[in-house]
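J.: The following block contains the structure, expressed as structure tokens.
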Amino acid sequence: MLDGVRACVDNEEFGYPPLGEDSLPRATADWCRQRYGWCPRPDWVRVVPDVLKGMEVVVEFLTRPESPVALPVPAYMPFFDVLHVTGRQRVEVPMVQQDSGRYLLDLDALQAAFVRGAGSVIICNPNNPLGTAFTEAELRAIVDIAARHGARVIADEIWAPVVYGSRHVAAASVSEAAAEVVVTLVSASKGWNLPGLMCAQVILSNRRDAHDWDRINMLHRMGASTVGIRANIAAYHHGESWLDELLPYLRANRDHLARALPELAPGVEVNAPDGTYLSWVDFRALALPSEPAEYLLSKAKVALSPGIPFGAAVGSGFARLNFATTRAILDRAIEAIAAALRDIID
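Spelled out as structure tokens, the structure:
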């Protein structure tokens, strides 16, 4: 992958990406086929600067005009911003924790959101911050509800390369109905740590969406970087073996965190995500004097993502922890968190 980036430097390839270049759409489709068993058409893959820009365009132009958007919460913080800049009302739909620890979408609440007029739902699969990698049956249920109400499913699958113990299931792949209602957003940025290179892909799965996308003003679609395109191509073509070496390390970190932190800090609950390298940590039992991320940054010098920006009604008392680091650094963080909580627990 680095060779692809170096080639851009060596060739002084820093201009605009060439119009009509199909190497990245073909690489994206190849990756989806070999990794997920999904066969999108390369000519229906569109290149955008990042997933959030792609999502903004999809909400603006591929959903019913001015229709509210159902948003499962807790949700990745910038999703709220996408709905704000597109002028869409949001209908929050809770993700509910099961006895197994996994979080699933409340399907009755989703149906109610569509009855109230929502024209689409955004799903993050695997979910950020909860880590749920939706199964085929779970995705079919979501798609079927959306299809019955003439609604769209906007599937942010940027975390698809980072799934543990099973193969990622693309929402658009689960049925013919899914191909008609789902728009998929992907990138190599999470699997290979490339977000600064500005490149993502929108995968369209029906002829109507492909036609409508190409009628959108180019200003809404341009902005992907040449270096980012080359890096994404290299990741999809040559990055699988590196990813396969990385995933067991991340999985071991996930399991270690889920064991060690509750042992050292009783009352803290740590979920073990199906995918992503993010853990949603529950500090509510400790009655901290402030929000967990604020408290731990002050007392432990460990930076977690505050829970409230993921959804004020569902995020208080939680924080998101990124475990994609060395075991030594992860242990330092665990020990510092436990030490900072000791007085509260005792």
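My numbering numbers the first residue of the sequence shown as 5 and each following residue consecutively. Positions of the beta carbon are idealized from the N, C-alpha and C atoms, including for glycine. Computed from a prediction, not measured in an experiment: that's the story for all the values here.
#1: Would residue 107 be called buried (16 or more neighbouring beta carbons within 10 Å of its own) or exposed?
#2: Going by C-alpha to C-alpha distance, which of 74, 135, 235 sits closest to residue 17?
#3: Where does residue 270 sit, in a helix, a strand or coil, going by DSSP?
#4: For residue 326, report the span of its beta strand (DSSP E) as first-last.
#5: Answer with buried or exposed for residue 161, where buried requires no fewer than 16 other C-beta atoms within 10 angstroms of its C-beta.
#6: Using three-state DSSP, classify residue 188 as helix, strand or coil.
#7: Starting from the N-terminal side, write out each stretch of the beta strand (DSSP E) that is 3 residues or longer and does not extend beyond the segment 71-107.
#8: Determine which residues share a DSSP beta bridge with residue 309 and list them.
#9: Taking the alpha carbon of residue 262 as the point to measure from, which residue in 249, 251, 281 has its own alpha carbon closest?
#10: Going by DSSP in three states, residue 282 sits in which element: helix, strand or coil?
#11: DSSP three-state call for residue 177: helix, strand or coil?
#12: In the DSSP assignment, find the alpha helix (DSSP H) that holds residue 115 and state where it starts and stops.
#13: Once the 5 residues before and after residue 315 are set aside, which same chain residues still bring their CB inside 8 Å of it?
#14: Name the two residues that bound the continuous alpha helix (DSSP H) containing residue 340.
#15: For the candidate residues 241, 227, 311, whose alpha-carbon lies nearest to that of residue 22?
#16: Less than 8 Å between C-beta atoms, sequence neighbours within five positions excluded: which residues of the same chain meet that for residue 258?
#17: Would you kindly report the start and end of the unbroken alpha helix (DSSP H) that includes residue 170?
#18: Taking C-alpha atoms, which residue in 105, 123, 102, 112 lies nearest to residue 94?
#19: Do the segment 175-193 and the segment 202-209 touch if we need at least three Cβ pairs shorter than 8 Å?
#20: Alpha carbon to alpha carbon, what distance is there between residue 246 and residue 323?
#21: Tell me the DSSP bridge mates of residue 205?
#22: Is it buried or exposed for residue 72, if we count other Cβ within 10 angstroms and need 16 for buried?
#23: When DSSP labels each residue in this structure, what does residue 14 get in the three-state scheme?
#24: Taking its Cβ as the centre, do 16 or more other Cβ atoms sit within 10 Å of residue 131, making it buried, or is it exposed?
#25: Once DSSP output is grouped into helix, strand and coil, what is the label at residue 294?
#26: Contact defined as beta carbons within less than 8 Å: I believe residue 61 pairs with residue 158. What is the distance between those atoms, to the nearest angstrom?
#27: How close, in whole Å, do the beta carbons of residue 156 and residue 185 come, if the pair is a contact with beta carbons under 8 Å?
#28: Hey, how far is the Cα of residue 164 from the Cα of residue 172?
#29: Closer than 8 Å is the cut-off here; do at least three beta carbon pairs connect the segment 44-63 with the segment 208-221?
#30: Under 8 Å, Cβ to Cβ, is there at least one residue of chain B near residue 333?
#31: Alpha carbons only, please: which of 174, 15, 58 is nearest the one belonging to residue 39?
#32: For residue 36 versus residue 44, is the C-beta distance shorter than 8 Å?
T.: Let's see:
#1: Taking the first residue of the sequence shown as 1, we reach residue 107 at position 103. Taking all protein chains shown into account, residue 107 has 16 or more neighbouring C-beta atoms within 10 Å of its C-beta and is therefore buried.
#2: For the purposes of this step, residue 17 is taken as residue 13 along the sequence shown, with counting starting at 1. When each option's Cα is compared against that of residue 17, the closest is 235.
#3: Reading the sequence shown from its first residue, position 266 is the one you call residue 270. Three-state result, residue 270: coil.
#4: As a first step, residue 326 is located in the sequence shown; it is residue number 322 there, counting from the start. For residue 326, the enclosing beta strand (DSSP E) has its first and last residue at 322-326.
#5: The residue given as residue 161 occupies position 157 in the sequence shown. Buried: at least 16 other Cβ atoms inside 10 Å.
#6: Along the sequence shown, read from residue 1 onward, the residue named residue 188 stands at position 184. Here residue 188 carries a strand assignment [DSSP, helix/strand/coil].
#7: Within the segment 71-107, the beta strand (DSSP E) runs of at least 3 residues that lie entirely inside it are, in chain order, 73-77, 94-101.
#8: Indexing the sequence shown from 1 puts residue 309 at position 305. Paired residues: 324.
#9: Taking the sequence shown and counting its residues from 1, the one referred to as residue 262 is at position 258. Ranking the options by Cα distance to residue 262, first place goes to 281.
#10: Position 278 of the sequence shown holds residue 282. Shown here, residue 282 sits in a strand according to DSSP, grouped into three states.
#11: As a position in the sequence shown, residue 177 is number 173, starting the count at 1. The answer is helix: DSSP assigns residue 177 an H, G or I state.
#12: Mapped onto the sequence shown, residue 115 falls at position 111. Per DSSP, residue 115 belongs to the alpha helix (DSSP H) from 111-119.
#13: The residue you call residue 315 lines up with position 311 of the sequence shown. Cβ neighbours of residue 315 beyond the five flanking positions: 77, 78, 79, 96.
#14: Here residue 340 corresponds to residue number 336 of the sequence shown, with the count starting at 1. Unbroken alpha helix (DSSP H) run through residue 340: 331-349.
#15: Residue mapping note: residue 22 aligns to position 18 of the sequence shown, counting from 1. Residue 227 is the option with its Cα nearest to residue 22.
#16: Locating residue 258 in the sequence shown gives position 254, counting from the first residue. 168, 276, 277, 281, 283, 327.
#17: Reading the sequence shown from its first residue, position 166 is the one you call residue 170. In this chain, residue 170 is not harboured by any alpha helix (DSSP H), its DSSP state being neither H nor E.
#18: Working through the sequence shown from its first residue, we reach residue 94 at position 90. Restricting attention to 105, 123, 102, 112, the CA atom closest to the CA of residue 94 is found in 123.
#19: Yes: at least three Cβ pairs fall under 8 Å.
#20: For this step, residue 323 is matched to residue 319 along the sequence shown. For this step, residue 246 is matched to residue 242 along the sequence shown. The alpha-carbon atoms of residue 323 and residue 246 are separated by roughly 29 Å.
#21: Position 201 of the sequence shown, counted from the start, is the residue given in the question as residue 205. In the DSSP output, where bridge partners are listed per residue, residue 205 has 51, 190.
#22: Taking the first residue of the sequence shown as position 1, residue 72 is located at position 68. Taking all protein chains shown into account, residue 72 has 16 or more neighbouring C-beta atoms within 10 Å of its C-beta and is therefore buried.
#23: The residue you call residue 14 lines up with position 10 of the sequence shown. For residue 14, the three-state secondary structure derived from DSSP is helix.
#24: In the sequence shown, the residue the question calls residue 131 occupies position 127. In this structure residue 131 is buried. Its beta-carbon is surrounded by 16 or more other beta-carbon atoms within 10 angstroms.
#25: The residue you call residue 294 lines up with position 290 of the sequence shown. In the three-state DSSP reduction, residue 294 falls in the coil class, being neither helix nor strand.
#26: Reading the sequence shown from its first residue, position 57 is the one you call residue 61. Reading the sequence shown from its first residue, position 154 is the one you call residue 158. Going by Cβ atoms, the distance from residue 61 to residue 158 rounds to 11 Å, so no, they are not a contact pair.
#27: Within the sequence shown, the letter at position 152 stands for residue 156. Within the sequence shown, the letter at position 181 stands for residue 185. About 6 Å separates the beta carbon of residue 156 from that of residue 185, a gap short enough to meet the 8 Å contact definition.
#28: Against the sequence shown, residue 164 aligns to sequence position 160. Against the sequence shown, residue 172 aligns to sequence position 168. Residue 172 has its alpha-carbon roughly 6 Å from the corresponding atom of residue 164.
#29: The segment 44-63 makes contact with the segment 208-221; the number of CB pairs closer than 8 Å reaches 3 or more.
#30: Looking at the structure shown, chain B is missing, and only one protein chain is on hand.
#31: Mapped onto the sequence shown, residue 39 falls at position 35. The shortest Cα separation from residue 39 among 174, 15, 58 belongs to 174.
#32: To locate residue 36, count along the sequence shown from 1; it is residue 32. To locate residue 44, count along the sequence shown from 1; it is residue 40. If you check the CB distance, residue 36 and residue 44 come in under 8 Å.
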